[in-house]
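In this note's numbering, the protein residues as written are 44 to 310. The C-beta atom is built at its ideal place from N, Cα and C for all residues, glycine as well. Heads up: the structure comes next, in structure tokens.
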Amino acid sequence: MTGSLDGRTGLVTGAGQGIGRAIAVELARQGAAAVAVADRNEETLAETAELVRAAGARAEAIVCDLRVTDSIAAMVTRTAEHFDGLDILVNNAGVIETAFTTEPDRGVDSLPEAVWDAVYEVNLKAVWLTTKFAAPYLRRSPRGPAIVNTASVSGLTGFPNSPAYGVTKAGVIHLTKVTAVDLAPVRCNCFCPGVIDTPLARDFLAAAEDPDTLERHLTAPQLVERFGRPEEVARLACFLASDDAAFITGSSYVIDGGALAWLGVRD
Ligand SMILES: NC(=O)c1ccc[n+]([C@@H]2O[C@H](COP(=O)([O-])OP(=O)(O)OC[C@H]3O[C@@H](n4cnc5c(N)ncnc54)[C@H](O)[C@@H]3O)[C@@H](O)[C@H]2O)c1
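Structure follows, in structure tokens:
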């Protein structure tokens, strides 16, 4: 299938599974010529690269630790050299506190400093550094260059027991705006997912004392009564990366089944 991303080259971080994998495959499905997929998990990354090839694009799998500056720089350089440029950057990788602690109490008054730092490094600092290193290539792109950042509804509203996650996602929403300003005409937008059915969401539920109750609480405010699907998020990300969104920059898009549309919960 060809689509609105014909001939573009892209880099997607956190593409080993979940939303990042879905975005990488959707970029290929919509006509991207080549997609670099980056993740720290070599095994799942190789699977994503195969899916991208099966969807019709060249794929380059790059093992990267987004907490290490040199690793980020190498990821960007390798992508741009391999594909002779870069048109689309998707800063998607993200982590939540439960990736670094099994403590059930992770609130503002108890979160260990090391957990805060780890979440900050992946969710916000790495988004900035990747953008910084990719900027020279994006500026040279003749094909409507675009950055798409993955934020979260947690960056728009308070959420218990995940202070570093929410604060870093709020940071991503603002980083999106300042990036759009400083890099124009390179466009930069972000999207804010609610609960999406990925390993991150499932691991977060599993860490709860009562996962079933938490799952019901998470979806109760939604008007669409189910978890979102990574493919639904991927289509929004690809729209923002495409020329169809040529007049959109510095913006945030909520994709949450209507949870933020009201202050209620379903019975
Ligand atoms: N799933 C949800 O409900 C949800 C909701 C809102 C926002 N998000 C955001 O969507 C993005 C993707 O989330 P997901 O649910 O697909 O998560 P996921 O955990 O399923 O996938 C994230 C990927 O990022 C990779 N990653 C983590 N740390 C890394 C590092 N230091 N270096 C390189 N790669 C690293 C992981 O290996 C993994 O493959 C994240 O930014 C997340 O915060 C997810």
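Closer than 6 Å: is that where the CB of residue i sits relative to any heavy atom of ligand 1?
| i | result |
| --- | --- |
| Leu54 | no |
| Ser47 | no |
| Thr112 | no |
| Ala280 | no |
| Gln265 | no |
| Ser295 | no |
| Pro203 | no |
| Ile131 | no |
| Leu248 | no |
| Arg83 | yes |
| Ser195 | yes |
| Thr141 | no |
| Asn192 | no |
| Pro236 | yes |
| Gly57 | yes |
In the DSSP assignment, what are the bridge partners of residue i?
| i | result |
| --- | --- |
| Gly53 | Val78 and Ile131 |
| Cys107 | Cys107 pairs with nothing; no bridge assigned. |
| Tyr296 | Phe234 |
| Ala189 | Ile131 and Arg230 |
| Arg183 | Answer is none; Arg183 lacks a bridge partner. |
| Ala102 | Val78 |
| Gly271 | Ile239 |
How about residue i and residue j: are their beta carbons less than 7 Å apart?
| i | j | result |
| --- | --- | --- |
| Ala263 | Val308 | yes |
| Ala75 | Ala104 | no |
| Leu54 | Ile115 | no |
| Ile66 | Ala280 | yes |
| Asn204 | Arg272 | no |
| Thr56 | Ala136 | yes |
| Val238 | Phe202 | no |
| Tyr208 | Ala123 | no |
| Pro242 | Gly63 | no |
| Val80 | Thr91 | yes |
| Leu266 | Ala169 | no |
| Thr219 | Cys233 | yes |
| Cys231 | Ala244 | no |
| Ala284 | Ala189 | yes |
Between the segment 120-136 and the segment 180-198, are three or more C-beta pairs nearer than 8 Å?
yes
Counting pairs of beta carbons, one from the segment 89-99 and one from the segment 58-74, are three or more of them closer than 8 Å?
Contact holds: three or more Cβ-Cβ distances are below 8 Å.
Answer yes if the segment 287-297 comes into contact with the segment 253-268, meaning at least three C-beta pairs across the two stretches below 8 Å, and no otherwise.
no
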